[in-house]
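In the numbering used here, the protein residues as written are 115 to 306.
Think of the CB as a built atom: it goes at the ideal place given N, C-alpha and C, for glycine as much as any other residue.
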């Protein structure tokens, strides 16, 4: 967990990591009791037994905390499942499988987290993963790498969400393969 928490700022200071962990745990506890919109920063800080100022040292608002929490949970899921990123095509399938699994795991839990708008959180994480991957590849002249990453992230999330909302859905692994087939031309068609 410390490795995942430190990715936000590259810090290894145990006090910072502890505070972030406490804030995430606090948010998770409050989401069991209340809707996200009804939770205040003060309540999060109180639940974490930290002061409000400490909250703002780590996150500008509760949306940023939710995004960090989502990123942690998503990356933890990928790590727990030992999903490997052996090559670019394998990475795309792994990300798609991770999104499918994340939706199934999060929406299946009995907490308010199921009602939190995940798009704003998970798409940003996936978008950053694509940006990182694209930075290692040549992009055709005139192609905006950030827009390409955004487009691919929304495509993966949209397909995974549609899969999740389908009754009698196919296995997540099969859906991830289909997503890979659909999104590969978008991502790799812009490569040089």
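Using the three-state DSSP reduction, which class does residue 284 fall into: helix, strand or coil?
Position 170 of the chain shown, counted from the start, is the residue given in the question as residue 284. In the structure shown, residue 284 sits in coil (DSSP, three-state: anything other than H, G, I, E or B).
I believe residue 188 touches residue 236 by the beta-carbon criterion, under 8 Å. Please report the beta-carbon distance rounded to the nearest angstrom.
On the chain shown, position 74 is the one that residue 188 refers to. On the chain shown, position 122 is the one that residue 236 refers to. The C-beta distance from residue 188 to residue 236 rounds to 6 Å, short enough to meet the 8 Å contact threshold.
Reduced DSSP secondary structure (H/G/I, E/B, other) of residue 253:
For the purposes of this step, residue 253 is taken as residue 139 along the chain shown, with counting starting at 1. Strand.
Would residue 184 be called buried (16 or more neighbouring beta carbons within 10 Å of its own) or exposed?
Position 70 of the chain shown, counting from 1, holds the residue named residue 184. When all chains shown are included, residue 184 counts as buried.
Could you tell me whether the Cβ atoms of residue 179 and residue 136 are closer together than 8 Å?
Position 65 of the chain shown, counting from 1, holds the residue named residue 179. Position 22 of the chain shown, counting from 1, holds the residue named residue 136. Not closer than 8 Å, so no.
Pairwise C-alpha distance: residue 149 and residue 229:
Working through the chain shown from its first residue, we reach residue 229 at position 115. Working through the chain shown from its first residue, we reach residue 149 at position 35. For residue 229, the predicted model reports a pLDDT of 49, less than 50, meaning its position is unreliable; a value from the coordinates is still stated below. Approximately 8 Å, taken between the alpha carbons.
Considering just the uninterrupted stretch of the alpha helix (DSSP H) at residue 133, what are its terminal residues?
Residue 133 sits at position 19 when you count from the first residue of the chain shown. 128-147 is the extent of the alpha helix (DSSP H) around residue 133.
Helix, strand or coil: how does DSSP classify residue 235 here?
For this step, residue 235 is matched to residue 121 along the chain shown. Helix, per DSSP.
Applying the criterion that 16 or more other CB atoms from any shown protein chain within 10 Å of the CB defines a buried residue, is residue 279 buried or exposed?
Position 165 of the chain shown, counted from the start, is the residue given in the question as residue 279. The residue in question, residue 279, is exposed, as its Cβ has fewer than 16 Cβ neighbours within 10 Å.
Is it right to say residue 212 is buried, meaning 16 or more other beta carbons lie within 10 angstroms of its own, or is it exposed?
Reading the chain shown from its first residue, position 98 is the one you call residue 212. Buried is the label assigned to residue 212, since at least 16 other Cβ atoms lie within 10 Å of its Cβ.
On the CB-based measure, 16 or more other CB atoms within 10 Å of its CB, does residue 261 come out buried or exposed?
In the chain shown, the residue the question calls residue 261 occupies position 147. Residue 261 comes out exposed.
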